[in-house]
Structures are given as structure tokens and as C-alpha cells.
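The structure appears right after this line, and notes come after that.
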Amino acid sequence: MGSELSCVVLESLIAQIRHRAVLAPMAGIADQPFRLTVKRAGVSLIFTELISAEGLVRNSRKTFDLMRFSPLERPIGIQLFGSRPESMAEAARIAESLEPDLIDLNFGCPARKVVNGGSGSAILRDTDLLRHIVRDVVRAVHTPVSCKIRTGWDAAHPVAEEAARIIEGEGASLLTLHPRTREQGFSGRADWSVIARVRACTGIPLIGNGDIITPEDAKRMLSETGCDAVMVGRGAMGRPWIFRMIDATLQSGCPVPEPPVGERIGFCLEHYDRALEILGARRGVREMRKHIGWYLKGLSYVSRLRSRLMIMEDPEEVKKNLREFSQTYDGQIAEEQDHGDSGASPQF
Ligand SMILES: Cc1cc2nc3c(=O)[nH]c(=O)nc-3n(C[C@H](O)[C@H](O)[C@H](O)COP(=O)(O)O)c2cc1C
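Under my numbering, the first residue of the sequence shown carries the number 4, and numbering increases by one thereafter.
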């Protein structure tokens, strides 16, 4: 559409994300409680998990609910997947009714369920269809449209540069590239040189994605590829503060340490309360189990605590255990630093 208003909105959006870190869309993980937690930790742009265009067009309540977001999450993109241009355009109009900052089109999901329906990364096998979808969606809405792609379907058919040129040519405003093929899934390393090649052949604002775990990775991706911003997925699981760390490192140029245990558990407890409030106690307790596992990852002596937390049903008991762990753990780190590690494993 490219209205004057959307140009202004887009410019301020790009200014916000430039050289900063963006949260990856992650089905089953990047729900509202997680997104709000990450927002508190300084993320610049957020995407919802992928949402079925056909589900929206069929008026599925459950699908519509996946799109809901709070104004606190802005700027936010609603991500849609589908294979039929008319459904994608109609779904984009429905998504637009919630006034997101971006409508994001998924051309990268490798999941069998998605590609078997001809959606996600399957669309990279048919760049005419890709063009058709982007064109129809851009024409259907006033909201800026972004796209997320992979390198291609397999190593024999790399299409990132061609797809990027099509996406830019059809009037999309932002592109994210995860430089793995569908065939690779999440294995091997993301080939960042593909991001540099796409940067060289297009002028569209570009978000690089893949294997960013530390702020130094983010810094390196920005300088090696020339992308405008970096997107973090798995590196943010149980580590919402990664965005704050990346920001600080990019601003100061110096490495920034991971936060102490007390602060990590503080993030976890905040995330927990949001999950209880937004999802309700029963669902909140269950959804949070995997997140708690990630928050505790890498800490010593947590296996017993983790096993206990995974079966607890009472949220107050879970929080009490986490608080006690946090207080005791801080003490033990100090003790170990003062007197050396005796090798004994305290049992939480
Ligand atoms: C559990 C999980 C769910 C994901 N769901 C989505 C999704 O809904 N939409 C999408 O475009 N990508 C999805 N992705 C891919 C991520 O957005 C990202 O491209 C990928 O994880 C690589 O980035 P990373 O190395 O920072 O994790 C998902 C990844 C994971 C691990």
C-alpha cells in the first residue's frame, strides 16, 4: 500500500530496531508471558509465533487468540503462514484489525505439518507463488509487511537472493533471513555469508538470524554481514536478558557478563507470575515447566530441584522453591569463592 502514514510508522520502526536485537517468532515458546518478559529485558522488536492464515479465514477462535498482544509489547509483528495468496491477504486484513506494527509472512518454517500443506519453507520451491503472496498481502493492508525466509529448500536450490529481490520488489518493508535450508532444519551452523550476499544485492532493511547466543555473536553478525539488526531465538530461551546484554555490548563495545543467579530467578519469577495471570493457574504451571528448565540450565546442583519442580502443581510451592534456591545459591557461590569448591554437591 505504501501510504504516507505507513512510511512514517516504518521509518520510526526501523530506527528502533536498527543495530539492535529482535525476538524470533517461536511457536510454543514466544507466547505473551514470554514476550512481555523479554520486553522488560530491552528487546527492540517482537514477533508472535506463527499463525495459520486458513485458521483466521475460517474464523477459528483459538487461532485468533494467538494473535492477541498487549500495547506493552509494541513494536510487534503478527506472523502468518499459509500457501494460498487469497487466504494470506484475507488473513492479513484480519490481523490488521488488531493494529500490529508489522504483518510478517512466514516462508521459513521447516515443520512437516506446515510444509506438507505447501506453506512455510515449501514456498521457497516456488518463487512465483512467493511473489504472488507478497504482492497480494502488500496490496491488501496499510500495515508494513515483513517476510522471514531461509536459504532455500535444500543445498542444491539456494534462493535467498532471488527471494529477497522479489520481496523487496513487491513492496515488503523488512526481511529476516535465517541462513539454513529447510533440509538442514536446525542442524549444522547457520551460514552467515548468505546474509552478507543478500545485504549486497538488496536495499531492504535486513534482520540476520541464526546461532546468536552471546552479545559477541550479535556484534560479529552485524559487522560480518552488514545486516541492520539481529534476531535471537533459542539464545533467549531461559535468558530473556540476552537482549539487554546485546544492547549494552553494542553501545559500549565491551563484553557484558550474564546476570547473577538472583537476578535470573527474579526474571523467572516475573515470567511465572505473568504466565499465571495470562494463561490461568493450571495452564500457566504446565507451560512454565519447560521455561523453568531453561532458566536453571547451566547452574550447578539443580537436577533434584528441577525434577521436583517439573511435577509440582501448586504455583505457590514452585515459586517458594525457586526463591529459596535463589537465596541459598547466591550464598553458596560466595562461600565457594571465599573457600574454594569442596566438590560436595548441595541438594536443592
Ligand atoms: C521451538 C521453535 C519454534 C519456532 N517457531 C517459529 C515460528 O513460529 N515462526 C518462525 O518464523 N520461526 C520459528 N522458529 C525459528 C526461529 O524463529 C529462528 O529462525 C531459529 O530458531 C534460528 O534462530 P536461533 O539460532 O536464534 O534460534 C522456531 C524455532 C524454534 C526453536
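Every residue, glycine too, gets a C-beta built ideally from N, C-alpha and C.
Cβ-Cβ distance between MET234 and VAL41 below 7 Å: no
- prompt: Are at least three pairs of beta-carbons, each pair with one atom in the stretch 217–235 and one in the stretch 244–258, less than 8 Å apart?
  reply: yes
- prompt: DSSP on THR154, reduced to helix/strand/coil?
  reply: strand
- request: Report the rounded CA-to-CA distance for ARG237 versus ILE216, giving the unit in angstroms.
  value: 8 Å
- request: Quick one: grab the DSSP three-state call for GLY211.
  value: strand
message: Which residues does DSSP list as the beta-bridge partners of ALA232?
response: ILE210
query: Taking the continuous beta strand (DSSP E) assigned at GLN82, which residues delimit it?
result: 79–84
query: Hey, GLY152 and LEU180: beta-carbon distance below 7 Å or not?
result: According to the sequence as given, residue 152 is Ile; it is not Gly. Their beta carbons are under 7 Å apart, which means ILE152 touches LEU180 by this criterion.
message: Checking 7 Å against the spacing of the C-beta atoms, do PRO147 and LEU13 come in under that value?
response: yes
field: Contact check, LEU83 vs ALA114, beta carbons under 7 Å
entry: no
- request: Return the first residue and the last residue of the alpha helix (DSSP H) that VAL60 is part of.
  value: 56–60
- request: Return the chain-ordered list of same chain residues with a C-beta closer than 8 Å to the C-beta of ILE126, the five sequence neighbours on each side being excluded.
  value: SER86, PHE110, LEU132, LEU133, ILE136
task: From the DSSP output, read off the bridge partner residues of PRO161.
output: GLY155
query: Can GLY296 be considered in contact with ligand 1, in the sense that its beta carbon sits closer than 6 Å to one or more heavy atoms?
result: no
- request: Examine ligand 1 and report whether any of its heavy atoms sits within less than 6 Å of the Cβ of ASP214.
  value: yes
- prompt: Is any heavy atom in ligand 1 found nearer than 6 Å to the beta carbon of LEU53?
  reply: yes
message: Does ASP34 pass the burial test, meaning 16 or more other C-beta atoms within 10 Å, or should it be called exposed?
response: buried
- prompt: Whole alpha helix (DSSP H) runs in the stretch 255–338 with 4 or more residues, listed along the chain?
  reply: 264–282, 284–299, 306–314
- request: Check THR184 in the structure and name its three-state DSSP category.
  value: strand
message: Assuming SER124 and ARG77 are in contact, meaning their beta carbons sit under 8 Å apart, how far apart are those beta carbons, in whole angstroms?
response: Contact doesn't hold; Cβ gap of about 28 Å is too wide.
query: GLU280: buried (16+ other C-beta within 10 angstroms of its C-beta) or exposed?
result: exposed
message: Using only the alpha-carbon positions, how far apart do GLY155 and ARG307 sit?
response: 43 Å
query: Leaving out the 5 sequence neighbours to the left and right, which residues in its chain are closer than 7 Å to PRO161 when beta-carbon positions are compared?
result: THR154, GLY155
query: How long is the line joining the alpha carbons of ALA92 and GLN330, rounded to whole angstroms?
result: 52 Å
- prompt: First and last residue of the beta strand (DSSP E) that includes PHE110?
  reply: 105–110
task: Report the residue from GLU261, ALA18, ILE198, ARG23 whose alpha carbon sits nearest the alpha carbon of GLN254.
output: ARG23
message: Among the candidates MET291, VAL144, THR130, GLU89, whose CA atom is the shortest distance from the CA of GLU102?
response: VAL144
task: Please state if the CB of VAL201 and the CB of ALA167 are separated by a distance shorter than 7 Å.
output: yes
task: Check whether the Cβ of GLY236 sits closer than 6 Å to any heavy atom of ligand 1, and report yes or no.
output: yes
query: Taking just the CA atoms, how far does SER63 sit from PRO263?
result: 43 Å
query: Quick one: is ALA203 buried, meaning 16 or more other Cβ sit within 10 Å of its Cβ, or exposed?
result: exposed
query: Excluding the five sequence neighbours on either side, which residues of its own chain have a C-beta within less than 7 Å of the C-beta of VAL141, listed in chain order?
result: MET4, VAL148, GLU173, GLY174, ALA175
- prompt: Roughly how many angstroms separate the alpha carbons of ARG301 and TYR275, rounded to a whole number?
  reply: Note on identity: in this sequence residue 301 is Gly, with Arg being the wrong assignment. Those two C-alpha atoms are separated by around 20 Å.
- prompt: What do you reckon, are the CB atoms on VAL197 and ALA163 nearer than 7 Å?
  reply: yes
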